[in-house]
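K.L.:
Right, I'll just put the structure down here and ask away after.
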Amino acid sequence: MSDQNAVQEFDEQLGTRGLEGLWFNITEADIVGKEPRTTLMPHIWKWTDLYQSLLRAGDIHGLGGQAERRVLCLVNPGLRDLKMKRQRGTTHTMQMTVQLLKPGELARSHRHNFGAFRFIIKGRGAYTVVEGEKIVMEEGDLILTPPMTWHGHGNDAETLVWIDGLDNILLNSLQVISWEPYPGDFQPIKESFKSTAHWAGMARPVWEKAVGPLAYKWGETYQTLKHLEASDGSPFDGVALEYVNPVDGGHTFPTMSCGIQMLRPGEATQTHRHNSSTVYHAFRGSGVTVIDGKRYEWEKGDCFVVPLWSWHSHQNRSRNEEAILFSMNDRPMLEALKLYREEPGEGA
Ligand SMILES: [Fe+2]
Ligand SMILES: [Fe+2]
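Quick note: the sequence shown uses my numbering, first residue 729, plus one each step.
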């Protein structure tokens, strides 16, 4: 028997015993290398496609049994081939979706152990109910539904579009995901929103041990951005803010974080890279993000992804108007595991 046949026969025998030999050269097998590797791809979703598709979904899919939520998932082209549909995230850890709620509609209540947030991008006057608290949704607001909080949405005003961000892809890969419907369809509204009063300013109630529903109102967020307009800002992100967890001053969620950044008229940032991935939504203005040397031009409403370890920089294309990007990233998860890495580009 030739050596090759003997190796193959031995490998097959090991397979029947639930074993596998580590004979191959790991780097030649393209498994690991000196730098992080990813199948994620940079990609941009244009607002016209997103909005037209949402309106069409609104014509075709009702709620109340037909669809749990009227949601479009932004699927990264580098993950499209995965067999498990629910693993096809916007990145390998997170999912960004866009959601439409029409006047008179109710999206029934449920809860899950993955964290979620909404960032409102179009319309006003609809509401979400989290743990019995009714929270009105207006453009630019960020509203958190922490893990295992009951939540549903209602609309007695105008058609509303928002972005959802979830860490469900990470939890699914850890095989610990859970989800359950609210008994009785829609949870009762217990009280008007108290959390703004609870978490206002720099003070926090000492008896609150966990973050409940949280809303970051656009007016306050924008005011903070404008207050910092004349500052140096971050060389890589301009005037960039992170939405802070008010209990411990840490990231928005233990696994993912939300950010808002203003690129001042004509501002161009320096290049860097990190092993966290970021999904952006252009909330105002227009600009270009260069990802590994390729230009991605964005306008209000577009969403795009910067995969981990890709070199990137941002530029506001306007000389007169500010540009504002909302974003989500998985840096907290990497930091918790002591895996986070970041590098400035040449000349930075
Ligand atoms: Fe949910
Ligand atoms: Fe970055």
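Quick reminder that beta carbons are idealized off the backbone N, C-alpha and C, glycines included.
I want to check one thing, is the minimum distance from the CB of F842 to the heavy atoms of ligand 2 below 8 Å?
P.N.:
It does not: the Cβ of F842 is nowhere closer than 8 Å to a heavy atom of ligand 2.
K.L.:
Contact check, G987 vs N1057 under 8 Å by CB: the rounded distance?
P.N.:
Confirmed, Cβ separation roughly 7 Å.
K.L.:
At the level of alpha carbons, what is the spacing between F981 and G868?
P.N.:
About 19 Å.
K.L.:
Once the 5 residues before and after H1002 are set aside, which same chain residues still bring their CB inside 8 Å of it?
P.N.:
Cβ within range, chain order: L1036, W1037, R1059, Y1068, R1069, E1070, E1071.
K.L.:
On the CB-based measure, 16 or more other CB atoms within 10 Å of its CB, does N1048 come out buried or exposed?
P.N.:
The residue is exposed, with fewer than 16 neighbouring Cβ atoms inside 10 Å.
K.L.:
Residue range of the alpha helix (DSSP H) that V934 falls in?
P.N.:
Neither: V934 is in no alpha helix (DSSP H) and is coded neither H nor E.
K.L.:
In the DSSP assignment, find the alpha helix (DSSP H) that holds D731 and state where it starts and stops.
P.N.:
Start and end: 731-744.
K.L.:
Which runs of the beta strand (DSSP E) fall wholly inside the segment 788-841 and span at least 3 residues, in chain order?
P.N.:
Fully enclosed beta strand (DSSP E) runs of 3 or longer: 799-801, 823-829, 834-840.
K.L.:
Give the DSSP-derived three-state secondary structure of Q951 in the structure shown.
P.N.:
Three-state DSSP puts Q951 in a helix.
K.L.:
Give the range of the alpha helix (DSSP H) segment to which R1059 is assigned.
P.N.:
Here the alpha helix (DSSP H) through R1059 covers 1059-1064.
K.L.:
Just grab the DSSP bridge partners of F1054 for me.
P.N.:
Answer is I988, H1009.
K.L.:
Does DSSP classify I849 as helix, strand or coil?
P.N.:
The answer is strand: DSSP assigns I849 an E or B state.
K.L.:
CB H840 to CB N804, shorter than 9 Å?
P.N.:
No; because the gap between Cβ atoms is not below 9 Å, this pair is not in contact.
K.L.:
CB-CB under 6 Å to Y944, same chain, minus the five flanking residues each way: which ones, in chain order?
P.N.:
Contacts found: L870, Y971.
K.L.:
Of all the options G978, W1026, Y1008, K830, which has the alpha carbon lying nearest to the alpha carbon of V1034?
P.N.:
Nearest option by C-alpha distance: Y1008.
K.L.:
Counting Cβ pairs closer than 8 Å, one from the segment 962-971 and one from the segment 1017-1026, do we hit at least three?
P.N.:
With a cut-off of 8 Å, the segment 1017-1026 and the segment 962-971 do not count as touching, because too few Cβ pairs lie within range.
K.L.:
How many angstroms separate the CA atom of W751 from the CA atom of S901?
P.N.:
Each residue's alpha carbon lies about 27 Å from the other.
K.L.:
Does at least one heavy atom of ligand 1 sit under 8 Å from the Cβ of T873?
P.N.:
True, at least one ligand heavy atom lies under 8 Å from that Cβ.
K.L.:
Is the beta carbon of P916 less than 9 Å from the beta carbon of N883?
P.N.:
No, the pair does not count as a contact, with Cβ atoms beyond the cut-off.
K.L.:
Determine the DSSP secondary structure at A785, reduced to helix, strand or coil.
P.N.:
Of the three classes helix, strand and coil, the one that applies to A785 here is helix, per DSSP.
K.L.:
Compute the Euclidean distance between the alpha carbons of M990 and W773, then round it to the nearest angstrom.
P.N.:
Spanning the two alpha carbons is a distance of roughly 20 Å.
K.L.:
Less than 8 Å separating the Cβ of P838 from some heavy atom of ligand 1?
P.N.:
The identity of residue 838 in the sequence shown is His, whereas the question assumes Pro. Indeed, a heavy atom of ligand 1 lies less than 8 Å from the Cβ.
K.L.:
Give the single residue among N896, D976, L942, A996 whose Cα lies nearest to the Cα of S962.
P.N.:
Ranking N896, D976, L942, A996 by Cα distance to S962 puts A996 first.
K.L.:
Buried or exposed: where does T983 fall if 16 or more other Cβ atoms within 10 Å of its Cβ makes it buried?
P.N.:
The residue in question, T983, is buried, as its Cβ has 16 or more Cβ neighbours within 10 Å.
K.L.:
Sorry if obvious, but does the Cβ on V1034 come closer than 8 Å to a heavy atom of ligand 2?
P.N.:
V1034 Cβ: within cutoff of ligand 2.
K.L.:
For the alpha helix (DSSP H) holding L902, just list the boundary residues, first then last.
P.N.:
Unbroken run through L902: none, as it is neither H nor E.
K.L.:
Taking 8 Å as the cut-off, does the CB of R1001 come closer than this to any heavy atom belonging to ligand 2?
P.N.:
Within the cutoff, so yes.
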